[in-house]
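**Q** The following block contains the structure, expressed as structure tokens.
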Amino acid sequence: MKLESVELRRIRLSLVAPFETSFGVQTERDILLLKAISDEGEGWGECVAGEVPTYSSEYVDGAQHVLIHHLIPRLLNRDLAAADVASLLRPVHGHAMAKAAIEMAVLDAELSAHGESFAQFFGAVREEVDCGVSVGIHGSIAELLKTVGDYLDQGYRRIKLKVKPGWDVEPVRAVRERFGDVALQVDANTAYTLNDAEHLAKLDPFSLLLIEQPLPEDQVLAHVKLAQTVRTPICLDESITSAQAASDAIELGACRVINVKPGRVGGYLEGRKIHDVCAARGVPVWMGGMLETGIGRAGNVAMAGMQNFTLPGDTSASDRYYRRDITEPFVLHDGRLKVPTGPGLGVKVDEEFLESITYWTGALGRAGSGAIP
Ligand code: OSB
Ligand code: MG
């Protein structure tokens with residue numbers, strides 16, 4: 000497949016409700032979308048980088064810059080397969096989310112051309128996937144209980160509470176007391192230090208499925224030490240940047256569960272490797288989320304259909320994020336989302352709506368298609 004050009008597009012979408020984490024509050028997403036145009040057809044990619052580099056060092060303006068100036072030029076006008084993208088981009092260090100976005104677009108173009116779905120390509124074994132929901136930090140316990148109750152009424156099969164120092168044991172206790180043995184886990188997004196070990200052990204009596212990324216991403220050994228005080232299984236998100244990092248963390252005993260986010264690890268193909276490494280070691284994985292639109296959600300739900308994705312993911316329905324999605328909406332049925340079956344991502348982008356929320360476009364390649372302004 001020859002990559003002839005890449006169109007870039009920035010859109011703004013309001014979230015249905017503010018989403019607060021230990022690293023800030025988000026009320027909308029500013030998203031970079033890519034369209035890969037090849038001699039065999041087109042494909043979509045979504046970049047999961049946030050507006051501000053607070054989850055990781057990447058942010059959407061930076062991702063756009065590195066794509067335009069360093070990544071896409073290495074791929075344009077070459078005969079390539081999606082499987083070649085990571086190695087062609089390897090000379091550029093870091094920028095996993097930017098790399099993931101272009102690899103995704105190439106993979107969608109390639110699979111669409113062959114009539115194969117993402118799920119078939121990944122060897123997914125499920126036609127629908129169990130869904131959890133990530134619940135932000137709230138202003139009060141009463142408001143939190145209202146939100147959690149609404150999600151449980153909608154059918155979500157697992158609740159994840161965002162936590163931070165000052166908002167941890169009490170919200171967990173309140174949700175346990177009100178909603179009984181609901182599947183429950185927490186995510187700290189690196190907000191604690193090893194000195195908080197005794198405090199975090201206070202979560203142990205609540206039978207949480209896991210505690211996600213309690214400590215900073217580079218502190219893998221500190222997670223090993225934390226596991227000596229805290230009985231709740233530790234799950235790593237931010238720390239797991241590659242299959243190698245996953246393998247090392249497991250061997251060190253830093254985690255018993257891994258959250259896979261294709262964007263964080265440089266793409267779906269690296270995500271599949273992490274799935275395989277974890278499966279071989281008996282470590283369960285689950286699909287994370289980065290508040291994706293229907294484009295990213297389609298790929299994530301497909302990957303979550305793989306065998307070792309045994310825990311419900313942060314693969315929530317479109318209406319948990321956006322009043323109107325840019326594809327046909329993903330709708331929860333009995334706490335599950337259907338894995339798309341059509342070629343490639345298997346979703347149709349609503350081009351008219353997309354145009355209406357686009358505030359910038361650019362293109363690389365193919366003479367006359369308009370250069371980057
Ligand atoms: O740590 O899992 C996280 C959203 C943005 C950045 C980081 C995270 C999250 C979420 C939301 O928890 C998951 C979702 O997309 O529903
Ligand atoms: Mg997380």
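Take the sequence shown: its letter number 320 is residue 319 in numbering that gives the first Met the number 0, and every next letter is one higher. Ideal Cβ positions, reconstructed from N, Cα and C, are used throughout, including at glycine. Remember, it's a predicted structure, so these values are computed and weren't measured experimentally.
Nearest by alpha-carbon distance to residue 40: which of 19, 356, 343 is it?
**A** 343
**Q** Can we say the region 294-309 touches the region 114-125, given the rule of at least three CB pairs closer than 8 Å?
**A** The region 294-309, when compared against the region 114-125, does touch it at the 8 Å Cβ threshold.
**Q** Would you kindly check if the distance between the Cβ of residue 174 and the Cβ of residue 155 is under 8 Å?
**A** no
**Q** Pull every residue with its beta-carbon under 6 Å away from any heavy atom of the ligand OSB, and keep them in chain order.
**A** 54, 133, 186, 188, 236, 287, 288, 289, 290, 313, 315
**Q** Tell me the DSSP bridge mates of residue 217?
**A** Paired residue(s): none; residue 217 is not in a bridge.
**Q** Hey, quick one: how far does the alpha helix (DSSP H) through residue 145 stretch, first residue to last?
**A** 140-153
**Q** Within 7 Å: the Cβ of residue 57 and any heavy atom of the ligand MG?
**A** no
**Q** On a Cα-Cα basis, can you pick out the residue from 17, 217, 295, 232 that is closest to residue 46?
**A** 295
**Q** What does a CB cutoff of less than 8 Å around residue 148 pick up in its chain, not counting 5 residues either side in sequence?
**A** The answer, listed in chain order, is 177, 178.
**Q** Excluding the five sequence neighbours on either side, which residues of its own chain have a C-beta within less than 6 Å of the C-beta of residue 6, listed in chain order?
**A** Excluding residues within five positions, the ones whose Cβ falls inside 6 Å are 34, 362.
**Q** Throw me the rounded Cβ distance for the residue 88 and residue 98 pair, which I believe falls under 8 Å.
**A** 5 Å
**Q** Apart from the five residues just before and just after residue 23, which ones in its own chain have a Cβ nearer than 6 Å to its Cβ?
**A** 53
**Q** So who's on the other strand from residue 183, going by DSSP bridges?
**A** BP columns for residue 183 point to 158.
**Q** Report yes if the C-beta of residue 6 is less than 7 Å from at least one heavy atom of the ligand MG; otherwise report no.
**A** no
**Q** Does the region 199-214 come close enough to the region 225-235 to have 3 or more Cβ pairs within less than 8 Å?
**A** Yes, the region 199-214 touches the region 225-235.
**Q** Between which two residues does the beta strand (DSSP E) containing residue 34 stretch?
**A** 23-37
**Q** Using beta-carbon positions only, say whether residue 274 and residue 307 come within less than 8 Å of one another.
**A** Yes. Within cutoff.
**Q** When burial is assigned at 16 or more other CB atoms within 10 Å of the CB, is residue 63 buried or exposed?
**A** buried
**Q** Using the three-state DSSP reduction, which class does residue 261 fall into: helix, strand or coil?
**A** coil
**Q** Determine, using beta carbons only, whether residue 189 and residue 208 come nearer to each other than 8 Å.
**A** Contact flag unset, no.
**Q** Just the Cα atoms here: how many angstroms apart are residue 367 and residue 73?
**A** Confidence in residue 367 is poor, its pLDDT being 45 and thus under 50, which makes the residue's placement unreliable; the coordinate value appears in the next sentence. Taking the straight line joining both Cα atoms gives about 20 Å.
**Q** Relative to the ligand MG, is the shortest distance from any of its heavy atoms to the C-beta of residue 243 smaller than 7 Å?
**A** no
**Q** Inspect the beta-carbon positions of residue 406 and residue 118 and report whether they are closer than 8 Å.
**A** Past the edges of the chain, shown from 0 to 372, lies residue 406, and the structure says nothing about it.
**Q** Quick check on residue 55: buried or exposed, where buried means 16 or more other Cβ atoms within 10 Å of its Cβ?
**A** buried
**Q** According to the neighbour-count rule (16 or more other Cβ atoms, all chains shown, within 10 Å of its Cβ), is residue 150 buried or exposed?
**A** buried
**Q** In this structure, what does DSSP give as the bridge partners for residue 364?
**A** Looking at the DSSP output, residue 364 bridges to 4.
**Q** Less than 7 Å between the CB of residue 258 and some heavy atom of the ligand MG, yes or no?
**A** yes
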